[in-house]
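Numbering (the numbering used here), first residue to last: 225 to 392.
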């Protein structure tokens with residue numbers, strides 16, 4: 225996958241819910257979010273092709289650490305918006321062909337209006353990726369913005385361990 229650099233922003237996520245959206249992952253499976261989440265899920269929102277490096281800074285360590293566990297998952301949403309809707313089939317095919325098949329269930333491209341999502345999540349801008357840990361009930365329980373730092377990874381790991389221990 226391909227996408228700027230930055231980190232930080234620990235926005236208070238309590239009592240916020242992830243907005244209801246319909247997506248189709250690259251493996252061509254349709255999902256309703258957050259209704260179809262079966263586990264706590266790390267959802268990453270990207271707005272630009274240049275965000276790939278930031279996405280990888282989260283996804284690679286996450287999948288390395290949790291690929292053997294079924295208690296958590298992740299999903300990358302590329303929020304392309306309506307500007308490229310006219311060529312969405314070509315773009316989707318190009319991205320699908322350029323992405324390893326094992327990543328297809330975890331990657332979706334959103335060609336609809338981004339404004340309702342941005343408003344619901346109170347996003348000030350689209351310059352940085354947004355990272356959310358979302359419960360199956362839609363509650364956002366953790367949030368960051370931009371490229372992952374070692375502290376971000378540590379904080380996320382603590383949060384996930386806490387969730388797993390609470391489920392046990």
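Beta carbons: idealized from backbone N, C-alpha and C, even for Gly.
Computed from a predicted model, the values in this text were never measured in an experiment.
Between the beta-carbon of residue 345 and the beta-carbon of residue 300, is there less than 8 Å? The Cβ atoms of residue 345 and residue 300 do not sit closer than 8 Å to each other.
I'd like to confirm the pairing. Which residues does DSSP put opposite residue 255 in its beta bridges? Within the DSSP bridge table, the entry for residue 255 names 247 as partners.
Spatially closest choice to residue 317 from 243, 242, 250 and 246, by CA coordinates: 250
Using 8 Å for Cβ pairs, my map puts residue 335 next to residue 304. What's the rounded Cβ distance? Contact holds; Cβ gap of about 5 Å.
With a threshold of 16 other CB atoms inside 10 Å of the CB of residue 372, please say whether the residue is buried or exposed. buried
Contacting residues, own chain, Cβ-Cβ under 8 Å from residue 383 (five flanking each side not counted): So the qualifying residues of the chain are 357, 365 and 366.
Mapping the DSSP letters down to three states, classify residue 328 as helix, strand or coil. DSSP places residue 328 in helix when its eight states are reduced to three.
Just checking my contact of residue 263 with residue 297 at CB under 8 Å: how many whole Å lie between their CB atoms? The Cβ separation is near 5 Å, so the contact holds.
Suppose you measure from the CA of residue 271 to the CA of residue 351; what does that come to, to the nearest Å? 8 Å
Pull up the CB-CB distance for residue 391 and residue 295, whole angstroms please, since I reckon it's below 8 Å. 7 Å
Could you round the C-beta distance between residue 353 and residue 275 to whole angstroms and report it? I think they count as a contact, below 8 Å. Contact annotation, residue 353 with residue 275: C-beta distance approximately 5 Å; criterion of less than 8 Å satisfied.
Determine whether the Cβ of residue 384 lies closer than 8 Å to any Cβ atom of chain D. Among the chains of the structure shown, chain D does not appear; only one protein chain is present.
Between which two residues does the beta strand (DSSP E) containing residue 358 stretch? 354-358
Backbone CA spacing between residue 261 and residue 359 [nearest angstrom]: 8 Å
Exposure of residue 337, with buried meaning 16 or more beta-carbon neighbours within 10 Å: By the neighbour-count rule (16 or more Cβ atoms within 10 Å), residue 337 is not buried but exposed.
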